[in-house]
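Asker: With the numbering used here as the guide, the letters of the sequence shown map in order to residues 258 to 348. Every residue, glycine too, gets a C-beta built ideally from N, C-alpha and C.
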Amino acid sequence: MPKYLIRREVPGAGQLSPRQLHDLSAKSNAVLAQIGEGVQWVQSYVTGNTLFCVYNAENEDKIREHAKMGGFPCDEITQVSGIIDPVTGEE
Numbered sequence: 258m259p260k261y262l263i264r265r266e267v268p269g270a271g272q273l274s275p276r277q278l279h280d281l282s283a284k285s286n287a288v289l290a291q292i293g294e295g296v297q298w299v300q301s302y303v304t305g306n307t308l309f310c311v312y313n314a315e316n317e318d319k320i321r322e323h324a325k326m327g328g329f330p331c332d333e334i335t336q337v338s339g340i341i342d343p344v345t346g347e348e
């Protein structure tokens with residue numbers, strides 16, 4: 258499945274408590290279970306006012322469906338075309 262980066266604007270995201278992050282994650286997991294196959298949450302990065310999420314999905318529609326069902330913002334979806342790291346620069 259293609260990999261996507263999702264930007265979710267969540268004011269105060271960086272100040273969410275561990276319990277709030279747990280509840281948000283549990284809600285996402287429950288929605289993913291309802292959807293079934295075709296979309297997988299890999300991980301998310303929490304910053305000041307934004308969540309940057311990494312998903313594997315059949316297509317953008319699956320990501321939008323997850324966001325709509327969960328009531329999550331979905332401000333931008335970008336398909337990953339490649340991944341590089343320090344090893345990429347080695348011979």
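1. Can you tell which of 303, 287, 266 and 262 has the C-alpha that lies nearest to the C-alpha of residue 278?
2. Taking three-plus beta-carbon pairs below 8 Å as touching, is the stretch 323 to 333 in contact with the stretch 280 to 288?
3. Cβ atoms of residue 264 and residue 322: under 8 Å apart, would you say?
4. In terms of alpha-carbon separation, which member of 261, 266 and 282 lies closest to residue 305?
5. Need the endpoints of the alpha helix (DSSP H) that residue 282 sits in, please.
6. Please return the same chain residues whose Cβ sits closer than 8 Å to the Cβ of residue 268, not counting the five positions on each side in sequence.
7. Looking at C-alpha atoms only, which residue of 331, 299, 300 and 336 is the closest neighbour of residue 316?
8. Skipping 5 residues on each side, what residues in its chain have a beta carbon closer than 7 Å to that of residue 291?
Answerer: Once the coordinates are examined:
1. Among 303, 287, 266 and 262, the Cα nearest to that of residue 278 belongs to 303.
2. By the criterion of at least three beta-carbon pairs nearer than 8 Å, the stretch 323 to 333 is in contact with the stretch 280 to 288.
3. No. Outside cutoff.
4. Closest option to residue 305, Cα to Cα, is 266.
5. Start and end: 275 to 292.
6. Closer than 8 Å at the Cβ level, and outside the excluded window around residue 268, lie 306.
7. For residue 316, the closest of 331, 299, 300 and 336 by C-alpha to C-alpha distance is 336.
8. If you ignore the 5 residues before and after residue 291, its C-beta comes within less than 7 Å of the C-beta of 326, all in its own chain and listed in chain order.
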